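Here the structure comes first, spelled out in structure tokens, and everything after it is commentary.
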Amino acid sequence: MSLNKFGVSQEDYASDGTQQRNEENTLCLNEAEDFDAQYRKIQNVAQPETNNDVATKQYVDIISMRRRSSSVMAKKSSKVGKRKNEKQRLGDELYASARKNFPLRRVIVREYDNLWQADVVEKRPYARFNNCHHYILTVIDVLSKHAWAASLKTKSGKEVADVFAQIIRNDGRCWKNLQTDQGKEFYNADVQKLTKKLNVNHYSTYSVMKASVVERFNCTLKNDMWKMFTL
């Protein structure tokens with residue numbers, strides 16, 4: 001015969017279950033009338049009425065700390081993003097190109113690689129940060145606007161001619177006409193020897209506009225560089 005914790009057989013308990021449960025409730029009742037110890041299980045513990053419980057306080061503290069840390073991180077990230085956007089906006093305003101609308105003569109080309117223009121951009125103040133490269137040689141195809149830019153340590157004719165030859169080797173393209181300014185970096189024995197070997201017409205215009213298409217490309221390139229230097 002099996003007995004329960006009160007020494008009552010299971011048959012008697014089953015026959016008089018209501019009375020037995022009332023007795024257990026009588027023994028387990030707490031001061032709080034709505035608290036029944038019989039139905040309180042470990043996985044279903046009633047929440048305390050106040051936060052005096054240590055475990056509850058620790059849980060509340062951890063949650064509040066996480067919320068505070070997340071809010072602080074969000075504020076920091078928003079400040080960094082605002083600062084970055086503000087710097088970028090100031091750089092855009094500082095180096096925005098002035099719009100001047102007036103009639104200009106058109107540059108007429110009939111096919112790709114028919115006319116290339118070349119120029120040299122100076123960046124001597126930043127040479128010590130670029131392995132002593134003082135200049136940038138820029139070349140552009142006038143029709144497709146496909147451009148090349150290569151760093152130069154000097155403006156010697158040999159170095160400029162080597163860059164032209166490297167562009168031809170790497171891209172497999174060659175120009176029929178080459179327009180530049182009248183600088184000595186283009187009018188020298190090395191560049192003239194290359195143009196004669198390739199049967200290229202090299203010329204310059206006696207105008208303040210010089211090679212206008214590559215000059216406009218230089219303006220875009222320098223604006224992007226100066227923006228990054230400002231940031």
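Numbering (UniProt numbering), first residue to last: 1 to 231.
Backbone N, C-alpha and C define an ideal beta-carbon position, used for all residues, glycine too.
Just so we're clear, the structure is a prediction, and the values are computed from it rather than from any experiment.
When you compare only the Cα positions, how much space is there between residue 39 and residue 65?
For the purposes of this step, residue 39 is identified with residue 39 of the sequence shown, where counting begins at 1. For the purposes of this step, residue 65 is identified with residue 65 of the sequence shown, where counting begins at 1. Residue placement at residue 39 cannot be trusted, given a pLDDT of 49 that sits under 50; the coordinates are not used to answer.
Supposed contact pair residue 161 and residue 194 - C-beta distance, whole angstroms, cut 8 Å = Indexing the sequence shown from 1 puts residue 194 at position 194. Indexing the sequence shown from 1 puts residue 161 at position 161. Between residue 161 and residue 194 the Cβ distance is about 5 Å, and since that is below 8 Å, they are a contact.
Tell me the residue span of the beta strand (DSSP E) that contains residue 213.
Here residue 213 refers to the residue found at position 213 when the sequence shown is read from its first residue. Per DSSP, residue 213 belongs to no beta strand (DSSP E); it is in the alpha helix (DSSP H), 212 to 230.
Taking only three categories from DSSP, how would you classify residue 142? On the sequence shown, position 142 is the one that residue 142 refers to. Correct three-state label for residue 142: coil.
| residue 141 and residue 173: beta carbons closer than 9 Å? | Position 141 of the sequence shown holds residue 141. Position 173 of the sequence shown holds residue 173. Yes. Within cutoff.
Open item on the list: Do residue 184 and residue 158 count as a contact pair if the criterion is CB distance below 9 Å?
Closed with: Residue numbering aside, residue 158 sits at position 158 when the sequence shown is read from its first letter. Residue numbering aside, residue 184 sits at position 184 when the sequence shown is read from its first letter. No, these two residues do not count as a Cβ contact at 9 Å.
When 180, 218, 199 and 226 are compared against residue 210, the one with the closest alpha-carbon
Position 210 of the sequence shown, counted from the start, is the residue given in the question as residue 210. It is 180.
I need the DSSP call for residue 192, collapsed to helix, strand or coil. Walking along the sequence shown from the start, residue 192 turns up at place 192. Correct three-state label for residue 192: helix.
Cβ-based burial, residue 203 [other Cβ within 10 Å; buried from 16]: Counted from its first residue, the sequence shown places residue 203 at position 203. Residue 203 is exposed by the Cβ-count criterion.
_Any heavy atom of the ligand FMN inside 8 Å of the beta-carbon of residue 226?_
Absence of the ligand FMN from the depicted structure is noted, as is the absence of any ligand whatsoever, leaving it without description.
### Query
To which residues of the same chain is residue 201 closer than 6 Å at the C-beta, ignoring the five residues directly before and after it?
Along the sequence shown, read from residue 1 onward, the residue named residue 201 stands at position 201. 177.
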